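Residue numbers (the numbering used here): -3 to 343.
Glycine included, C-beta positions come from ideal geometry on N, C-alpha and C.
Nothing here was measured: the structure is a model prediction, and the numbers come from that model.
Comments concern the structure below.
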């Protein structure tokens, strides 16, 4: 008789803890990230906010947009996907990077979810949306002013109710606990014996459930490299590949794939985790959380260094690349990321 009460009480307590943790995860604010930018560089964060402006660097075809949170903070977001819709709200996840040329930080987008209920596009701007917002698009990165000055005549939104009323949060949590206990008591008192399922029926249900599960992703992992390999024929292969020449004996080659929805395919490298099939995790401590990326924009693949010189910058043919410096790859190029070394092949 006591077991259902204990189980429901534990479930309600866990739900209350998760709710409290969910409120805590609304941090950090963009303003807090700017105030402690050095501590956040290469760290993966999740930000909510509205898109206020779009921009594109014509020299490198790098796309940016401005994201403004509920506290008035603004940050540049670098994306390889289609532009979002100006004025709509999104949840964007990615790592904080540092642009030494502009002396500003930015968010390297890894995933984006639309929070606008009126949007039926799942967080991606349609092909025509960018054209309809030409007046909001800047064609030069210098037109994007870091910080709050990028948006004119906008007052910061008031702080959410839960930030100024902690007592109300405590009352809500206690109310959830009390409701859970009352529900458990009523369930126990009114509980009726139910017939146990027959063994044959249980086995049949288990078999059907097992068949409905998707095939798990194949993970290839060596001493220093961890990556996902898609089932044959499911993703389009991009030209070129990397031969692992030093640092790992289990993984010998890395191929590039075009994922659905990618306008400008990009493969990222670093110690942190990333999107399956679009990220190679390098485990040595000599590699930065966000080390480098290889992007494809119709021409030769472009290698971009994302690690600062004081950590361990990416090297191309023995030359250390500057932060956010990119260079085209050609047959036989040698790439070094910490203790892991690659040889690029065009075919």
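(request) Please classify residue 322: is it buried, with 16 or more other beta-carbons within 10 angstroms of its beta-carbon, or exposed? (result) Here residue 322 is taken as the residue at index 326 of the chain shown, counted from 1. Residue 322 counts as buried, since at least 16 other C-beta atoms from the protein chains shown sit within 10 angstroms of its C-beta.
(message) Residues in the same chain with beta-carbon distance under 8 Å from residue 41, minus the five sequence neighbours each way, listed in chain order, please.
(response) On the chain shown, position 45 is the one that residue 41 refers to. Hits under 8 Å: 24, 29, 89, 90, 91, 92, 103.
(message) So, at 7 Å on beta carbons, what are the nonlocal neighbours of residue 313 in its own chain, with the 5 sequence-adjacent residues on each side left out?
(response) If you number the chain shown from 1, residue 313 lands on position 317. Within the same chain, residue 313 has close Cβ partners 329, 330.
(request) Flag this pair as yes or no: are the beta carbons of residue 333 and residue 278 separated by less than 8 Å? (result) Along the chain shown, read from residue 1 onward, the residue named residue 333 stands at position 337. Along the chain shown, read from residue 1 onward, the residue named residue 278 stands at position 282. Judged by their CB atoms, residue 333 and residue 278 are nearer to each other than the 8 Å cut-off.
(message) Rounding to the nearest angstrom, what Cα-Cα distance links residue 26 and residue 76 in this structure?
(response) Taking the first residue of the chain shown as 1, we reach residue 26 at position 30. Taking the first residue of the chain shown as 1, we reach residue 76 at position 80. A direct Cα-to-Cα measurement between residue 26 and residue 76 gives close to 21 Å.
(request) Sort 317, 341, 285, 234 by Cα distance to residue 35 and report the nearest one. (result) In the chain shown, counting from the first residue as 1, residue 35 sits at position 39. Between residue 35 and the set 317, 341, 285, 234, the nearest pair of CA atoms involves 285.
(request) Assign residue 184 to one of three DSSP states: helix, strand, or coil. (result) For the purposes of this step, residue 184 is identified with residue 188 of the chain shown, where counting begins at 1. When DSSP states are grouped into helix, strand and coil, residue 184 belongs to the helix group.
(request) Please check the pair residue 72 and residue 100, which I expect to be a contact at CB under 8 Å, by giving their CB distance rounded to whole angstroms. (result) Taking the first residue of the chain shown as 1, we reach residue 72 at position 76. Taking the first residue of the chain shown as 1, we reach residue 100 at position 104. About 7 Å separates the two Cβ atoms, so the contact holds.
(message) Please report the straight-line C-alpha distance between residue 201 and residue 317, rounded to a whole angstrom.
(response) Against the chain shown, residue 201 aligns to sequence position 205. Against the chain shown, residue 317 aligns to sequence position 321. With a pLDDT of 38 at residue 201, under the threshold of 50, the modelled position of that residue is not reliable, and the figure given next carries that caveat. Rounded to whole angstroms, residue 201 to residue 317 spans 57 Å at the Cα level.
(message) Comparing C-alpha positions only, which one of 64, 38, 238 sits nearest to residue 46?
(response) Start at 1 with the first residue of the chain shown, and residue 46 comes out as number 50. In this structure, 64 is the residue among 64, 38, 238 with its C-alpha nearest to the C-alpha of residue 46.
(request) Assign residue 294 to buried or exposed, taking buried as 16 or more other Cβ atoms, counted over all protein chains shown, within 10 Å of its Cβ. (result) The residue labelled residue 294 in the question sits at position 298 within the chain shown. Exposed.
(request) For residue 292, I'd like the list of residues in its chain whose CB is within less than 6 Å of its CB, leaving aside the five on either flank, ordered along the chain. (result) Working through the chain shown from its first residue, we reach residue 292 at position 296. The answer, listed in chain order, is 234, 261.
(request) Measure the alpha-carbon distance for residue 86 versus residue 79 and round it to whole angstroms. (result) The residue labelled residue 86 in the question sits at position 90 within the chain shown. The residue labelled residue 79 in the question sits at position 83 within the chain shown. Straight-line spacing of the CA atoms in residue 86 and residue 79 works out to 12 Å.
(request) Could you give the DSSP three-state label for residue 176: helix, strand or coil? (result) Translated into positions along the chain shown, residue 176 becomes position 180. Residue state, collapsed to three classes: helix.
(request) Compare the C-alpha of residue 112 against each of 95, 98, 105, 82 and name the closest. (result) As a first step, residue 112 is located in the chain shown; it is residue number 116 there, counting from the start. With distances taken between Cα atoms, residue 112 lies closest to 82.
(message) Once DSSP output is grouped into helix, strand and coil, what is the label at residue 41?
(response) In the chain shown, the residue the question calls residue 41 occupies position 45. Looking at residue 41 - three-state DSSP - the assignment turns out to be strand.
(message) Is it buried or exposed, residue 49, if we count other Cβ atoms within 10 angstroms and call 16 or more buried?
(response) Here residue 49 is taken as the residue at index 53 of the chain shown, counted from 1. Buried.
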